[in-house]
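Engineer:
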Amino acid sequence: MASDCAPESAFVLMARNAQLLEHVKLEITELNPKAKVAVIIADFSSDKPIEKLEEVIKALTHGEQIEAKFIFHNAGTIGDVAKSSSNLTNTQDWHDYLHINLISMIALNCQLYKILSEINDLKTIVVNTTSLAALQPISSFTQYCVGKAAREAYFRNFALETDSRVLNYSPGPVETDMITEIGKSSFDPQIREMFSPTSTQSTDSHRKRLTPKETVSKLIAIIDKNEFDNGGRVDYFDS
């Protein structure tokens with residue numbers, strides 16, 4: 009994505025892992041040497057707003073002619089795939105999961121939207137990474153399904169109530185550590201087999217695995233075309 013952005017674009021990266029943030033920052037500057045990149049170590053399990061976020065964004069954008077504003081929500085966890093829905097009885101586990109994957113995301117989105125809205129009158133484009141799990145049940149994905157469905161519902165209302173462009177983008181089964189975790193930890197032997205490194209199965213919930221580059225290229229094309237329904241969802245496999 010960095011190579012598709014204009015020179016001197018500004019990026020603010022947020023995650024818990026400082027080492028990975030610095031790695032992504034390096035990748036961005038290699039692809040776009042004039043890009044300005046700031047990293048913020050953020051704990052999404054905390055109730056507190058992200059510290060110095062406004063200060064960092066204003067420092068990056070001060071005196072610049074801002075032509076586009078984007079918020080990408082890609083952070084999330086799979087949840088407890090070792091238990092079926094009837095065995096997910098620990099209320100604290102539910103509170104913790106929904107806080108990290110829904111509540112903190114909503115708080116961050118509101119914080120970012122307010123800051124970006126004060127820069128200029130251009131619409132902010134918000135991209136929420138979603139999943140087929142928001143629409144249909146998948147064995148051992150109960151918490152993940154609940155979180156993704158709730159996020160989509162929130163962003164439909166956000167699109168309705170704000171002057172923004174909102175896309176719920178389902179990136180398909182991207183080759184990540186999450187795939188590995190499912191293959192090892194799911195209580196369902198069929199799911200473990202489906203998500204194993206050697207699996208050749210193809211179903212609606214698990215098609216061919218994609219590289220990050222493949223799915224990001226599709227996302228960029230969707231944004232560039234700008235024909236998606238505001239607050240709607242688009243899947244990588246949609247024609």
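Add 8 to a position in the sequence shown, counting from 1, and you land on the number used in the working numbering.
For every residue, glycine included, the Cβ atom is placed at its ideal position computed from N, Cα and C.
Need the endpoints of the beta strand (DSSP E) that Leu168 sits in, please.
Structural biologist: From DSSP, Leu168 is part of no beta strand (DSSP E) but of the alpha helix (DSSP H) over Thr150 to Glu169.
Engineer: Quick test of the definition: if touching needs 3 or more C-beta pairs under 8 Å, does the segment 94 to 102 touch the segment 117 to 133?
Structural biologist: No, they do not touch.
Engineer: By how many angstroms is the C-alpha of Ile36 removed from the C-alpha of Lys221?
Structural biologist: Taking the straight line from one Cα to the other gives about 13 Å.
Engineer: Where are the beta strand (DSSP E) runs, 3 residues long or more, that stay fully inside the segment 168 to 209, in chain order?
Structural biologist: DSSP runs (the beta strand (DSSP E)) wholly in the segment 168 to 209: 172 to 178.
Engineer: Tell me the DSSP bridge mates of Asn95?
Structural biologist: BP columns for Asn95 are empty, so no partner.
Engineer: Whole beta strand (DSSP E) runs in the segment 42 to 121 with 3 or more residues, listed along the chain?
Structural biologist: As far as the segment 42 to 121 is concerned, its whole beta strand (DSSP E) runs of at least 3 residues are 44 to 49 and 77 to 81.
Engineer: List the endpoints of the continuous beta strand (DSSP E) containing Thr253.
Structural biologist: Look at the range of the chain in this structure, 9 to 247, and you will see that residue 253 is not part of it.
Engineer: Taking the alpha-carbon of Pro179 as reference, which of Ser204, Arg164 and Thr219 has the nearest alpha-carbon?
Structural biologist: Here the closest residue by C-alpha is Thr219.
Engineer: Taking the CB atoms as reference points, tell me whether Arg159 and Thr184 lie closer together than 9 Å.
Structural biologist: No, the pair does not count as a contact, with Cβ atoms beyond the cut-off.
Engineer: Verify whether the separation of the beta carbon atoms of Ile65 and Val135 is less than 9 Å.
Structural biologist: Going by C-beta atoms, Ile65 is not nearer than 9 Å to Val135.
Engineer: Is it the case that the segment 82 to 91 contacts the segment 54 to 68, given that we only count it when at least three CB pairs across the two stretches are under 8 Å?
Structural biologist: Contact fails: fewer than three Cβ-Cβ distances are below 8 Å.
Engineer: Among Phe80, Ser94 and Arg173, which residue has its Cα nearest to the Cα of Phe195?
Structural biologist: The residue with the shortest Cα to Cα distance from Phe195 is Ser94.
Engineer: Terminal residues of the continuous alpha helix (DSSP H) containing Ala229?
Structural biologist: Pro220 to Lys233 is the extent of the alpha helix (DSSP H) around Ala229.
Engineer: Counting C-beta neighbours from all protein chains within 10 Å, is the total for Cys118 16 or more, i.e. buried, or is it exposed?
Structural biologist: Result: exposed.
Engineer: Which one of Phe245, Ala76 and Met186 has the shortest CA to CA distance from Asp12?
Structural biologist: Nearest option by C-alpha distance: Ala76.
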